[in-house]
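Take 1 as the starting number for the sequence shown in my numbering and just add one per residue.
Have a look at the structure below before the remarks.
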Amino acid sequence: MLYKISELSDLYADACIRDESGELMFLSLYGRDTAIQQLLAAFTLKESCGGLSGFRLTPVNDGDGRSVEQVHVRTPDRLTKFSGRLPRDNLFGNLVHTWIYDTALLKPDRSTKTAWFMLDEPFTPEARPRLLQGIWSSYKTLSPVPLLDSWRDVVIRATHAECVSFLEDSDHPPIGKVTAAKVMLTESFSDDVSRMVQAGMIGLNGEEEAYLEQARSATVMAA
Numbered sequence: 001m002l003y004k005i006s007e008l009s010d011l012y013a014d015a016c017i018r019d020e021s022g023e024l025m026f027l028s029l030y031g032r033d034t035a036i037q038q039l040l041a042a043f044t045l046k047e048s049c050g051g052l053s054g055f056r057l058t059p060v061n062d063g064d065g066r067s068v069e070q071v072h073v074r075t076p077d078r079l080t081k082f083s084g085r086l087p088r089d090n091l092f093g094n095l096v097h098t099w100i101y102d103t104a105l106l107k108p109d110r111s112t113k114t115a116w117f118m119l120d121e122p123f124t125p126e127a128r129p130r131l132l133q134g135i136w137s138s139y140k141t142l143s144p145v146p147l148l149d150s151w152r153d154v155v156i157r158a159t160h161a162e163c164v165s166f167l168e169d170s171d172h173p174p175i176g177k178v179t180a181a182k183v184m185l186t187e188s189f190s191d192d193v194s195r196m197v198q199a200g201m202i203g204l205n206g207e208e209e210a211y212l213e214q215a216r217s218a219t220v221m222a223a
């Protein structure tokens, strides 16, 4: 599905990711190069000077405008772009495909223990294993203590409520065929891992397998 940017003509998006406050994190955009440059320039100007602090995305087949999605752009200095020109003989003429994104998507911030993971597919049961693997990779990158891969399911299960934000569940879910998660480890994460080791939930000798089996058995009995 394509979405039209209401504030400027001839600009269309097929995917957008916002953070929990609705701030732009990623936008896949199609249009004339001049129109895209105009949009980027508007982000840097004050609204009193014709600038934009955000924009609206409307599905091209939404006749009554009920499905409008608001996207905020309060910190344009965090955004960068990558562009590629479509073949000139395409159906729509001389168009550019531009990805506008917050640099935080590419580089985990170890000082704040924050990282993002994005998939170029919607959130589905089939996508869940790939999303979890990306989240776990972020855990290992940010963690101040070593983490074994065999601990993944136990650690994520025990900490995801405090450490993982699934954008699909937020007030500003992903738009288009994308999904994303934000990982932000708590200050107590190292202590939490230590407590899991002490409780026999994880360890060097396969303790996590026994713990998961007990958890599965308890779930079956409760059902």
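For every residue, glycine included, the Cβ atom is placed at its ideal position computed from N, Cα and C.
- Excluding residues up to 5 positions away in sequence, W116, S165 lie with their Cβ nearer than 6 Å to the Cβ of K182 in the same chain.
- The continuous stretches of alpha helix (DSSP H) do not include H172, and DSSP gives it neither H nor E.
- In this structure, L131 keeps its C-beta atom at 8 Å or more from the C-beta atom of Y30.
- According to the DSSP assignment, W151 belongs to no beta strand (DSSP E), since it is labelled neither H nor E.
- The C-alpha of T141 is placed about 40 Å away from the C-alpha of L8.
- Out of N205, T159, H172, the CA that lies nearest to the CA of D192 is found in T159.
- Annotated three-state conformation of K182 is strand, per DSSP.
- Runs of beta strand (DSSP E) with 3 or more residues, each lying fully within the stretch 93 to 121, are found at 96 to 102, 114 to 119, listed in chain order.
- For V197, no beta strand (DSSP E) encloses it; the enclosing alpha helix (DSSP H) starts and ends at 189 to 198.
- Within the same chain, Cβ atoms closer than 7 Å to the Cβ of S170 are found at E20, the five residues on either side in sequence being excluded.
- Annotated three-state conformation of F123 is coil, per DSSP.
- Collapsing the DSSP output to three states places G134 in a helix.
- Secondary structure at E47: helix, using DSSP grouped into helix, strand and coil.
- Beta-bridge annotation (DSSP): R74 is not paired with any residue.
- Looking at the backbone, the Cα of K113 and that of G206 are separated by about 27 Å.
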